[in-house]
Structures are given as structure tokens and as C-alpha cells.
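First comes the structure, then the notes that go with it.
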Amino acid sequence: MKLPLLSAVAAAASALSLSAFAQAPTAQVDPTAFLNQFESTFGKFEGYRRSGAKGICATGEFVGTADARGLSTSSAFSGKPVPVLVRFSVGGANPGAPDNGKSQRNFALQFNLPGGELWQMGNISAPVFGASSPQQFLGRLASLQPDPQTKKPDPAKIKAFADENPEVLLQGKHFASLPVPSSFGSVNYWGVHAFGFVNAKGDKRFGKWIFEPTDGLQGLTDEEAKAKGPNFLFDELRQRVKDNKVSFNFNLELAEAGDKIDSATVPLPAGRKKVNMGMLKVTSVSPDAGGDCLAITFNPMILPKGVEPSADPMIAARVAPYVLGLGRRLIEGPKQQ
Ligand code: HEM
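Under the numbering used here, the first residue of the sequence shown is numbered 1, with each subsequent residue one higher.
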């Protein structure tokens, strides 16, 4: 399905409803301030996403399980194949970000459900995000901004902010503890926010999801990563999909009473019941920098009936910066490679 640019903006903007913001008691950050801060901290790369700049479009198919139908009425889980638009990307605003670094990989999805209903999500290769509130995220980005004299971030500023906000370091520790992923298809992707799943009886269960590769996790040794160089992930993905080897289990960890479910920096306690909601198979990869994911944004408030946001303030806080970011890059001429 090819979304014309204007309807892509309209779809994204539709989530800017009052109900979206009613979910977030935390004060919002001006989306312009966010976008400007991304550019000041990481540089301005015209046409590219200000986060997850280097990416590739793909398509896939999702089939839900009976267990998922017991938890949610969403048509995503009907058991019939659902077409999914996929975007894989390397973390950061720089379209030249190396594929062989211990950094973030992203997995953004749009489930194209019956009747034109959409479900969008952006998942990351860490169980936690780098901040728990929009204000903290803006502060962290500001602390990383290069000094105009030295053109480098000021270590004292970074340290002062992190000392006051220690949870901003958790995500980096996760990446440092793991090898460089061999493939976009060989790493876990977490939703990091809790969402509510509502079933036919009206029961709502909160949980956090993980997309886990059915072929298992695969990483590179430091030597292998060096030998691969900075641009191997796109061709590797094309080959792996041709070999029918890229699929993920959509697993939902269920929260128990008393669990913290309003923070993207606090995972659920270990050992929570994990329900397999279905399997997503990636079936084709764009041969070039184009594709249907290029000119849209993946807005985490675009949810299907049967799935609802939690009180995590970061969910709604993402909406306006994504829509504004989409607007900026459409005007500049969208690019991703
Ligand atoms: C207030 C907090 C956040 C801000 C301001 C922010 C900002 C952005 C922006 C501007 C983009 C590019 C959007 C576009 O041009 O389409 C983006 C992409 C992305 N963000 Fe965030 N983000 C936030 C929180 C998060 C969180 C908590 C996650 C964790 C799941 C996340 C995951 C992603 C992913 C996966 C992408 C790439 C999506 C794609 O491929 O289009 N972001 N973010």
C-alpha cells in the first residue's frame, strides 16, 4: 500500500488528539525544541529521520495465535495473515552511522489491518530507552551537544546530567554488554513501553513486548565486526530474507499487580509469564533506498482496537516530534540511505 505524502501526514496527525495527551500527565516538551535539539546535538542531515536515519524498507506477514486472541480482540491476532510494512534502521541521526558498532538497531512496523485500520510501533534493540520522561530526554540530548569551541561534547556536562539522572546510562550499558549484531534479523527488539491488551470480555492486561528472532541471537566477534566494515547490514538482510530466514516471535511479557508499567527505563521483573502472540515473517526487502516506509512515520499512538496505551508519558510524547520530523524531511526531500 503506497500512502501519498499528504495522507501519510494526515494519518500521523490524526493521533494528535486530545485523548492522546490525556494519557500523559507529564508536561509535554515543545516538539520544535526536540527537533532542534536533535539537530544541535547530532547534526542536521536534510531529508533524513532525526533518529534512525539510516534505514531500509521491507515487507512481511504476521499470523496471530489463539493465546493472543484470548488477550486482545485486535484483528492483528485473527490468525489470518496480516500484511506488515517494516523498516529496519541503525540508531542515531547520522545516515553514515556504521553497521559494525555496538549501537542501537531499530525495527519499526505498520500492521495493515482489515478495514484500513493501522497499528504502528517503533521497537529498539534494548529492553530500556535512554530516558523515562520527555524532559529528561531533552536534558540528556542537551548534555550531549558539542561545545562550540571544541566541537566535542563536554564530558563534565555529560557526567553532571548522568549523575542526576542515572537511568539515562542503562541503555548504553546494555549495548556495551553484547556483541555487534550479525544481522538486523538476529537481534531482539523491545517495545519498551507497556500497553494494555483488551479481550472480548473487556478484561485488560498490561504487558511489554519483545520481537525475538526465531533463528536465535547472533553476534560478531570484535574482529569479525571490524572485517565486515561499516555497510553490510542491508545486503545481509536481502540475502537472509531470500533464504527465508528472517522471522520473529512477537512475545508479550505480562505485568503482575504492583509492577511498574509507566516507565520505558524499567523493564518488568524477570520471570514474568511470556505469551507468544504470533509470528512475523519478513518476506521482501527493498532493492534500494525507496519503499513505502520512506515517507511515513511510525507513530506509537496509532493502535488498533483491542490495544491501548499505558500511562507511560513517553508514548504520547513521541507523537508530535515524529509528525514534525516527518514534515521537515518531506519538505527537504525524504532520504534514508
Ligand atoms: C520523547 C521521546 C522521543 C522523541 C522526542 C523521539 C524522537 C524521534 C524522532 C524525531 C524520530 C524520527 C521520526 C521520523 O522522522 O519519522 C524517531 C524515530 C524512532 N524512535 Fe524515537 N523518540 C522518542 C522516544 C522513543 C522511544 C521511547 C523509543 C523506544 C521504542 C523510540 C524508538 C524510535 C524508533 C524505533 C525510531 C525509528 C522509526 C522509523 O524507522 O521510522 N523513540 N524518534
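Cβ atoms here follow ideal geometry from the backbone N, Cα and C, with glycine treated the same way.
Secondary structure of Ile331, DSSP reduced to three states: In the structure shown, Ile331 adopts helical secondary structure according to DSSP, grouped into three states.
Residue burial classification, Ile331 (beta-carbon count within 10 angstroms, cutoff 16): Exposed, because fewer than 16 other Cβ atoms sit within 10 Å of the Cβ of Ile331.
Met277 and Phe250 closer than 7 Å at C-beta: Taking 7 Å as the Cβ cut-off, Met277 and Phe250 qualify as a contacting pair.
Alpha carbon of Gln336 to alpha carbon of Ala257, nearest angstrom: So the two alpha carbons sit approximately 42 Å from each other.
Whether Ala255 touches Ile261 by CB criterion (7 Å): In contact: Ala255 and Ile261 (Cβ atoms closer than 7 Å).
At least three beta-carbon pairs within less than 8 Å, the stretch 60 to 76 to the stretch 102 to 114: Touching, yes, given that three or more Cβ pairs across the two stretches are closer than 8 Å.
First through last residue of the alpha helix (DSSP H) which encompasses Gly101: Careful: Gly101 lies outside any alpha helix (DSSP H) and carries neither H nor E.
Check: Tyr322 C-beta below 6 Å from any heavy atom of ligand 1: Tyr322: yes, Cβ under 6 Å from ligand 1.
Contact check, Glu212 vs Asn188, beta carbons under 7 Å: Yes.
Residue burial classification, Gly207 (beta-carbon count within 10 angstroms, cutoff 16): By the beta-carbon neighbour count (other beta carbons within 10 angstroms, threshold 16), Gly207 is buried.
Check whether Ile302 and Pro309 have beta carbons under 7 Å apart: Taking 7 Å as the Cβ cut-off, Ile302 and Pro309 do not qualify as a contacting pair.
Residue burial classification, Pro300 (beta-carbon count within 10 angstroms, cutoff 16): When all chains shown are included, Pro300 counts as buried.
Among Lys204, Phe129 and Gly96, the one whose alpha carbon lies nearest that of Lys305: Comparing Cα-Cα distances from Lys305 to each of Lys204, Phe129 and Gly96, the minimum goes to Lys204.
Rounded separation between Ser284 and Thr221 - CA only: Ser284 and Thr221 have their C-alpha atoms roughly 28 Å apart.
Any non-hydrogen atom of ligand 1 closer than 6 Å to Thr297 Cβ: If you check the C-beta of Thr297 against ligand 1, you find a heavy atom less than 6 Å away.
Backbone secondary structure at Gly219 - three-state DSSP: DSSP, reduced to helix, strand and coil, places Gly219 within a strand of the structure shown.
The beta strand (DSSP E) enclosing Ile124, as first and last residue numbers: Here the beta strand (DSSP E) through Ile124 covers Leu118 to Ile124.
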